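Engineer: Residue 87 in the UniProt record's numbering is what sits at position 87 of the sequence shown, and the numbering runs on without skipping anything.
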Amino acid sequence: MKKGNISKLLSKDFEKIVTGLGYEYVDTEFVKDYGSNVLRVLVYKKGGIIAEDCKKISLEISKFLDKKDPIKYPYMLEVSSPGLSRPLYNDKDLNRNIGNEIEVKTYKTINGVKNFIGILESFDNDFLMMNSNGEKIKIKREDISKSLPYVRMGKLDE
């Protein structure tokens, strides 16, 4: 199995395992991290993911990997939450963020802008609709390079 195809080829199996345990599957990445191959499985649960959740999922994925042995390279398995400011990977992520402020980066300039911050109002297969300071913005999904929840940093009280 080629390194570039690993995450794509394992994602369906991992999704079955993760959802079977009662969690939501987000994504799989096979990346180089500090010189080591890392197979990273990202999962979600309303209320957050804790270490015990990761351990439980990791054990089941490890059993699957030991049985199938699909990766012929040395690697480390990592199961984690995608984090607070993670990219919005799929429609489930977008649904969870309707009514919330998000940041969208585009491949090309739209009305002189490539970075948008606004409230996600809706989306469909082709477009994402936002409201930024009262202005309605419609962005083709194919033009989006990255979208993520917008995290506003507040001032610290002295």
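Glycine included, C-beta positions come from ideal geometry on N, C-alpha and C. Please read all numbers here as calculations on a predicted model, not as lab measurements.
(1) Taking 6 angstroms as the limit between beta carbons, can you name the residues of its chain near Pro82, skipping five residues before and five after?
(2) Rounding to the nearest angstrom, what Cα-Cα distance links Ser7 and Thr28 in this structure?
(3) Ends of the beta strand (DSSP E) at Arg96?
(4) Would residue 225 and Ile102 be called neighbours here (beta carbons separated by less than 8 angstroms)?
(5) Taking Cβ to Cβ, would you say Asn97 is nearer than 8 angstroms to Leu65?
(6) Tell whether a beta-carbon distance below 8 angstroms holds between Ile71 and Val18.
(7) Sorted by chain position, which residues of the same chain lie with C-beta nearer than 8 angstroms to Glu15's C-beta, five sequence neighbours on each side aside?
(8) Using a Cβ-Cβ cut-off of 7 angstroms (strictly less than) and excluding sequence neighbours within five positions of Ser36, which residues of its own chain qualify?
(9) Who are the Cβ neighbours of Ser132 in its own chain at under 8 angstroms, not counting the five residues just before and after it?
(10) Taking Tyr89 as the reference, which of Ile139, Asp53, Ser145 and Lys12 has the closest Cα?
(11) Nearest to Pro74 by alpha carbon, out of Leu39, Asn95, Glu60 and Glu142?
(12) Output the boundary residues of the alpha helix (DSSP H) element that contains Ile117.
(13) In chain order, what residues of the same chain lie with their CB nearer than 6 angstroms to the CB of Lys136, ignoring the 5 residues before and after it?
(14) Short of 8 angstroms in beta carbon distance, which residues of its chain neighbour Glu158, apart from the five on each side in sequence? Order them along the chain.
Structural biologist: Well, looking at it:
(1) Val26 and Leu42
(2) 5 angstroms
(3) Counting along the chain, Arg96 falls outside any beta strand (DSSP E), though it belongs to the alpha helix (DSSP H) covering Asp91 to Arg96.
(4) Outside the displayed range of the chain (1 to 158) lies residue 225, so it cannot be described from this structure.
(5) No, these two residues do not count as a Cβ contact at 8 angstroms.
(6) no
(7) Tyr25
(8) Met76
(9) Phe116, Ile117, Gly118 and Ile119
(10) The residue with the shortest Cα to Cα distance from Tyr89 is Ser145.
(11) Among Leu39, Asn95, Glu60 and Glu142, the Cα nearest to that of Pro74 is on Leu39.
(12) Per DSSP, Ile117 lies in no alpha helix (DSSP H) segment; the continuous beta strand (DSSP E) that holds it begins and ends at Val113 to Phe123.
(13) none
(14) Low local confidence applies: a pLDDT of 48 at Glu158 is under 50, so the model's placement there is unreliable, with the coordinate-based value given in what follows. Once the five neighbours on either side are set aside, Glu158 has no close Cβ partner at all.
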